[in-house]
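As structure tokens, the structure follows; a few thoughts come after it.
Numbering (our numbering), first residue to last: 1 to 364.
Put into structure tokens, the structure is as follows:
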């Protein structure tokens, strides 16, 4: 029997979100229903509200979530009713060319629930990243529900569902940072600070956090940055020179761009050592273009990489990172700045612009 629950919906571009009743259907084959316990407020949700991803309104927002499986459909074997799960947007297919080559972190055919959740009048909802977790319950593909040990704080665990995993994975999986490396991270919001934490976890000897905002730089220090650079008022050359000054004049072994703009990518490109690595994890918008001399690309060598979801495998990475958190090796709780009810999502979008929070987390 379908459930009628409360959920946060964006009906039109730029309009404030609304808390309304939505209908969650019984799970079909390969689907599960999850009682959402907590869900982080991510910039991606704001991009959905603003029409920056698709125009398939209305959207059911929210995707950085953890909760408990309350119902399973036929053919579900990876989770059972009562399991604690973190939701993910990489439900690998196991059959595409990437999966067949042993690279499921690049799966080209990740899947979502086949059935739509709807408004009470039957209007289908588009769930953010195929999840839609600013709701008391949500319907997802079984592969989007990653089982973790019970008892973990859902406000902490849910952040692995997107931004924190993207940042940690950019450092640990994509780069990958090696013990003794020097690392610079440009942009110290939630993803950038997670990249700082990932570099620290990997054993970097020097981690340089770069941002316009002093509050964000202080956040970065709390999760592992050894040095900070305030880039307010600095041009590209000045930022590159500041990185060089902190890396014995050479530049960083790894530079992670957590902003995703042409100017920050160029800072990353020229701020690395010869044969160093650039990792782009900040998401650019479609109109952004990059203009750089090809001779510079050739002459500097190294690697230029993009990181998709931190190149993670949820079933491998979520439990492992939560275990490290439990051991005190990964300060995931530092990313939870405030806990809010479903009614405060719109206010949390406004708070994002202040730089005072890493994550607002909806707790149900």
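C-beta atoms are modelled at their ideal positions from N, C-alpha and C, and glycine is treated no differently.
As the structure is a computational prediction, the values presented were derived from the model and not from experiment.
Is residue 36 near residue 138, with beta carbons less than 7 Å apart?
Here residue 36 refers to the residue found at position 36 when the chain shown is read from its first residue. Here residue 138 refers to the residue found at position 138 when the chain shown is read from its first residue. Result yes, Cβ atoms of residue 36 and residue 138 sit closer than 7 Å.
Whose C-alpha, out of 218, 234 and 235, is nearest the C-alpha of residue 227?
Counted from its first residue, the chain shown places residue 227 at position 227. Taking only the C-alpha atoms, the option nearest residue 227 is 218.
Is residue 109 helix, strand or coil when you go by DSSP?
Position 109 of the chain shown, counted from the first residue, corresponds to residue 109. Coil.
Starting from the N-terminal side, write out each stretch of the alpha helix (DSSP H) that is 4 residues or longer and does not extend beyond the segment 265 to 345.
Here the runs fully enclosed are 294 to 300 and 314 to 326.
Evaluate residue 310 with the Cβ neighbour count: other Cβ atoms within 10 Å of its Cβ, from every protein chain shown; 16 or more gives buried, anything less gives exposed.
Reading the chain shown from its first residue, position 310 is the one you call residue 310. Classification of residue 310: buried, given that the 10 Å Cβ count is 16 or more.
Quick one, are the C-beta atoms of residue 302 and residue 277 less than 7 Å apart?
If you number the chain shown from 1, residue 302 lands on position 302. If you number the chain shown from 1, residue 277 lands on position 277. The answer is yes: Cβ separation under 7 Å.
Quick check on residue 58: buried or exposed, where buried means 16 or more other Cβ atoms within 10 Å of its Cβ?
Here residue 58 corresponds to residue number 58 of the chain shown, with the count starting at 1. Residue 58 should be labelled buried.
Unbroken beta strand (DSSP E) runs of length 3 or more, entirely within the segment 99 to 152: which are they?
Complete beta strand (DSSP E) runs here, min 3: 137 to 141 and 145 to 147.
Check each candidate in 271, 300, 308 and 259 and name the one with the smallest Cα separation from residue 284.
Residue mapping note: residue 284 aligns to position 284 of the chain shown, counting from 1. Residue 284 has its Cα closest to that of 259, out of 271, 300, 308 and 259.
Output the boundary residues of the alpha helix (DSSP H) element that contains residue 81.
Start at 1 with the first residue of the chain shown, and residue 81 comes out as number 81. Where residue 81 is concerned, there is no enclosing alpha helix (DSSP H), given that its DSSP letter is neither H nor E.
Can you list, in chain order, the residues of its chain whose CB lies under 6 Å from that of residue 199, leaving out five sequence neighbours each side?
Stepping through the chain shown from its first residue, residue 199 is reached at position 199. Around residue 199: 171, 177, 183 and 207.
Look at the Cβ atom of residue 30, then the Cβ atom of residue 142, and state whether they are nearer than 7 Å.
Locating residue 30 in the chain shown gives position 30, where the first residue counts as 1. Locating residue 142 in the chain shown gives position 142, where the first residue counts as 1. The answer is yes: Cβ separation under 7 Å.
Could you check what DSSP says for residue 204 in three-state terms: helix, strand or coil?
What you label residue 204 is simply residue 204 of the chain shown in a count that begins at 1. Coil at residue 204, not helix or strand.
From residue 98 to residue 110, what does the alpha carbon distance come to, in whole angstroms?
One-based indexing of the chain shown puts residue 98 at position 98. One-based indexing of the chain shown puts residue 110 at position 110. Approximately 11 Å between the Cα atoms of the pair.
According to DSSP, is residue 95 helix, strand or coil?
Position 95 of the chain shown, counting from 1, holds the residue named residue 95. Residue 95: coil per DSSP, three-state reduction.
Which ranges does the beta strand (DSSP E) cover as unbroken runs of at least 3 residues, wholly within the segment 199 to 253, from first to last along the chain?
Correct list: 206 to 211 and 227 to 230.
Suppose the cutoff is 6 Å on Cβ atoms and the five residues either side in sequence are ignored; what does the same chain contact list for residue 163 look like?
As a working note, residue 163 is residue 163 in the chain shown. Excluding residues within five positions, the ones whose Cβ falls inside 6 Å are 42, 190 and 191.
Taking only the alpha-carbon atoms, compute the straight-line gap between residue 63 and residue 181 and give it to the nearest angstrom.
For the purposes of this step, residue 63 is taken as the residue at position 63 of the chain shown. For the purposes of this step, residue 181 is taken as the residue at position 181 of the chain shown. Each residue's alpha carbon lies about 33 Å from the other.
Determine the extent of the beta strand (DSSP E) in which residue 19 is found, giving its start and end residues.
Translated into positions along the chain shown, residue 19 becomes position 19. Taken as a continuous stretch (DSSP letters only), the beta strand (DSSP E) holding residue 19 covers 18 to 24.
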